[in-house]
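Presented below is the structure to which this report refers.
2 protein chains.
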Amino acid sequence: MLKATIENIHKFEGQEVTISGWLYNKRSSGKIIFLQIRDGSGFIQGVVVKKEVEEEVFTTCKGLPQESSFHVTGLVQKDDRSILGYELLVNNVEVVAEAEEGYPISLKEHGTDFLMDFRHLWMRTPRQHAILKIRDEINLGLREYFHENGFTLVEPPIITPASCEGTTELFEIDYFGENAYLSQTGQLYAEAAAMAFGKVYSFGPTFRAEKSKTRKHLNEFWMIEPEMAFVDFEGNLEVQEDMVSYIVQRVLTNRKKELALLQRDTSALEKIKPPFPRITYTEAVEMLKKADFTFEWGDDFGAPHETYIADQYDKPVFITHFPTEMKAFYMQPDPEDPKVILGADLIAPEGYGEIIGGSQRIHDLDLLLTKLRAENLPEEVYQWYIELRRYGTVPHSGFGLGLERTVAWICGIDHIRQTIPFARTLNRIYP
Amino acid sequence: MLKATIENIHKFEGQEVTISGWLYNKRSSGKIIFLQIRDGSGFIQGVVVKKEVEEEVFTTCKGLPQESSFHVTGLVQKDDRSILGYELLVNNVEVVAEAEEGYPISLKEHGTDFLMDFRHLWMRTPRQHAILKIRDEINLGLREYFHENGFTLVEPPIITPASCEGTTELFEIDYFGENAYLSQTGQLYAEAAAMAFGKVYSFGPTFRAEKSKTRKHLNEFWMIEPEMAFVDFEGNLEVQEDMVSYIVQRVLTNRKKELALLQRDTSALEKIKPPFPRITYTEAVEMLKKADFTFEWGDDFGAPHETYIADQYDKPVFITHFPTEMKAFYMQPDPEDPKVILGADLIAPEGYGEIIGGSQRIHDLDLLLTKLRAENLPEEVYQWYIELRRYGTVPHSGFGLGLERTVAWICGIDHIRQTIPFARTLNRIYP
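Written as structure tokens, this is what we have:
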């Protein structure tokens, strides 16, 4: 018995193999049954021809409920009509466990809330499977990109004594009698690590207790946060555009089948190569005014503004030099115009919005202290962060890329909750 | 100006390069100053010879406090006495920021609590740097191992509605008015994902509100948890020994310098190749009794027991078939002897204790329900987990490897808190 996986089925053309998996779906035309077989690595059609198999095999297949588990043996043949390119001419089926009748996710349309209640089963379907395979590819791709470029992974703690950005959108926990919070960014810790390792990245879950219900918000999401010593504003943007382009091209190369299944317009993705266009916040405001948006310098962009700006380009666009007042205390003001910062947001094309926020960080001790005091942040909690400026401070920069928004954009799907295995939103912590 | 990093200095032998970094330490013999330079990628000695540099350069170097940041230019020369193999004959130094006097981590001995208070600076020292570089190598190594072997990364949620193992050692959070908990394992979610992707792994932070103060416990730590459909007890052990061996051999190949710096006995690591020895729990009890330990069948192993057992072998040892009563509800009892489970702990050599716990999981619906009820676990919270047994259940297995314990063992260091960038222990959430 030659074992095969669907992902590697091309290596077995013309051979008889056994696949261990599940019955995703089936249809019958009387003398032929078409089994949609999934094994976790992919989907393949199995063809059971009545006159070519033992009667028992045909009867078993005919009665088998959706999502039953089995070992299917058959001949691997070319099939140019499928995305996979192969089908299986079945000659035997050994059932492992017959599924109960009434599988919740039938093949009719379901509402998203219903599907999210059955996320543990929904992820078996081809679209959700493809999205999470692409997420996996992006995830490892990011890590390999940074590793090859000399970055060290340094994971920040999740349980922290204070807000890193001074906001109130924090989940609080009782840490053996002390108040503590779930981290909403690992950045400050990454800055400490950058002074020890030069170039670092953190990559982990982050938490925001926002009461947002938009299609772009999750309360628990993953973020990669590189931080680089001796890198300035300009160098920071170069890493970002290079990294984003690498990831997009890697998915195009390694996840063709999944992109095809999602019917993603890959021509839009093929254009994603450095350099990316850059406009200042001030230029963006002018652009919006010309397009008859009601928008004043100092306002924050909403989704319609971001989409309008992004639509002027066919690549992600950097919006640079935001008003200092709008941004977090640690961002470096532009020495030539301190009312704006040496930072940028990266806006994805096609209405996917901001996927990166980044900046050069303040490295001057006095300026940092002034900013902390102006925002009434507790100095004793930031003592270690302040010390980084006392001992060996250097210009440094970093950014945070939201994994789920990036997956949503590359997959071309409309709601971020599909891009994470088990979404946590305002009304959902189940399953 | 040719920029170089210390990690890649061998590519620049005989050339003049500039390194951007920090002054880790220095000593002077009047006419020569030896600078210990670090740039995050490594450590190199810089030699400043008074009669060969401009007077200002020599004066600057002489007065420069520890941890000042600078650009150092010099000639790369062979130096067989150092681990690195090269030194830098300095001809210029451009100071970026002079550090304040009184750097907390001087080169004398400090107590560990003191060092943990200054973890953000302590990680700059050669030993801590080496440990975290090895952690990084193991981290990516594990991911690449599973990727190459057809596993998909599926991250479980951190915020969960209930305990996965039914214990009380949980950190509780208020999730918009609902009680929720920080995950102490992603396993149950990984099981769901294994039914969708065949072979999966999760890799993320986990949380245990244990009031333990041993050198092997952290309250926040990272765990990799593979889960495999259609894999039984035996197959599970084979993946574990193959994975552990891969990681050890990879670190031996890629992190020679760091192991040398830590003075790790690499001959002990070179032996780590499959297969690993296996003994049953019952055999282990007999072994302990023969060695005059007071130990009864049904007792849990403490550190001295684990160490004694491990000392009988020169590789990690699997202890299999633990009493069913001692282990979590989801572990598959041995059909031939249901009072023990089809699971194993993997005990590292040299007293490092348990690094893996794993088992075949219960895939039979009725047995799972019986076990849940026997432990009074709330069925409604586990509804989705139960459904995995209604629809397409298959024999499956998995395990969890504790990252920090693995790093401690491979590095040969005595306390787990040094193996994570920012440790969270009973008395510490700072920095």
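Going down the list, the sequences are from chains A and B. Numbered by my numbering, the letters in the first sequence go through residues 620 to 1050 in order. Numbered by my numbering, the letters in the second sequence go through residues 620 to 1050 in order. The beta-carbon is built from N, C-alpha and C at its ideal position, and this holds for glycine as well. Just so it is clear, the structure is predicted and the values come from calculations on it, not from any experiment.
query                                                                                                                                        : result
Proximal residues of chain A, C-beta to C-beta of VAL773 of chain B below 7 Å                                                                : LEU751 and PRO1040
Any C-beta of chain A under 8 Å from that of MET862 of chain B                                                                               : no
Through-space distance from GLN1002 of chain A to PHE733 of chain B, alpha-carbon basis                                                      : 15 Å
Proximity of ILE638 of chain A and ILE656 of chain A at Cβ, strictly below 8 Å                                                               : yes
8 Å Cβ cutoff, PRO780 of chain B in contact with chain A                                                                                     : yes
C-alpha distance - HIS690 of chain A paired with GLY640 of chain A, whole-angstrom precision                                                 : 6 Å
Interface flag, HIS766 of chain A vs chain B, CB-CB below 8 Å                                                                                : yes
Same chain, Cβ closer than 8 Å to LYS645 of chain A, five either side skipped, listed in chain order                                         : ILE652, PHE653, LEU654, GLN655, CYS680, LEU683 and GLN685
Residues of the region 1007-1022 of chain A whose Cβ lies closer than 7 Å to any Cβ of chain B, in chain order                               : LEU1007, ARG1009, TYR1010, GLY1011, THR1012 and VAL1013
Span of the alpha helix (DSSP H) around TYR794 of chain B                                                                                    : Not the alpha helix (DSSP H): TYR794 of chain B falls in the beta strand (DSSP E), residues 791-794.
For GLU925 of chain A, the first and last residue of its enclosing beta strand (DSSP E)                                                      : No beta strand (DSSP E) contains GLU925 of chain A, which is instead part of the alpha helix (DSSP H) from 922-929.
Residues bridged to ASN644 of chain B (per DSSP)                                                                                             : B:GLN655
Where ILE898 of chain B falls: helix, strand or coil (DSSP)                                                                                  : strand
Cα-Cα separation between GLN747 of chain B and LYS818 of chain A, rounded to whole angstroms                                                 : 16 Å
Near-chain A residues of the region 653-667 of chain B - C-beta to any C-beta below 9 Å                                                      : ARG657, ASP658, GLY659 and SER660
Any 3 or more C-beta pairs closer than 8 Å across the region 1021-1028 of chain B and the region 953-971 of chain B                          : yes
Extent of the continuous alpha helix (DSSP H) run through LYS892 of chain B                                                                  : Unbroken run through LYS892 of chain B: none, as it is neither H nor E.
Cβ of SER701 of chain A within 8 Å of any chain D Cβ                                                                                         : Within the model displayed, chain D is absent; protein chains A and B are what it includes.
Chain A within 8 Å of ASP964 of chain B, Cβ atoms only                                                                                       : no
Nearest to SER701 of chain A (by Cα), restricted to the options A:PHE816, A:GLU713 and A:ALA879                                              : A:ALA879
Residue interval of the beta strand (DSSP E) (run including ILE938 of chain A)                                                               : 936-939
Backbone CA spacing between ALA811 of chain A and GLU720 of chain A [nearest angstrom]                                                       : 56 Å
Reference ASP699 of chain B; option with closest CA among B:GLU774, B:PHE677 and B:LEU707                                                    : B:LEU707
Three-state secondary structure assigned by DSSP to GLY665 of chain B                                                                        : strand
Close beta carbons around MET735 of chain B, own chain, < 8 Å, minus the five adjacent residues each side                                    : TRP741, ARG1036, ALA1042 and ARG1047
Contacts around ARG743 of chain B, its chain only, beta-carbon distance under 6 Å, and the 5 residues preceding and following it disregarded : none
Inter-residue CB distance, GLY1017 of chain B and ASP884 of chain B (contact presumed, cutoff 8 Å)                                           : Not a contact, Cβ separation roughly 32 Å.
Same chain only: Cβ atoms within 6 Å of THR779 of chain B, ignoring 5 sequence neighbours per side                                           : TYR800 and SER802
Alpha-carbon spacing of THR1038 of chain A relative to THR943 of chain B, whole angstroms                                                    : 38 Å
Of the listed residues B:ARG754, B:ALA947 and B:PHE941, nearest to ASP956 of chain B (C-alpha basis)                                         : B:PHE941
Residue from A:GLU829, A:GLU756, A:GLU788 and A:SER688 with nearest C-alpha to ALA1120 of chain B                                            : Because chain B here runs from 620 to 1050, residue 1120 of chain B falls outside it and cannot be looked at.
Residues of the region 711-740 of chain B with Cβ closer than 7 Å to any Cβ of chain A, in chain order                                       : VAL715, ALA716, ALA718, GLU719, TYR722, HIS739 and LEU740
Contact list for GLY769 of chain A against chain B, beta-carbon separation under 9 Å                                                         : THR624, GLU626, ASN627, GLY659 and SER660
Closer than 8 Å to chain B by CB, PRO824 of chain A                                                                                          : yes
Contact list for PRO776 of chain A against chain B, beta-carbon separation under 7 Å                                                         : GLU839, PHE1041 and ARG1043
Alpha carbon of LEU954 of chain A to alpha carbon of ILE843 of chain A, nearest angstrom                                                     : A small correction: the amino acid at residue 954 of chain A is Pro; Leu does not occupy that position in the sequence shown. Going by the C-alpha atoms only, they are around 28 Å apart.
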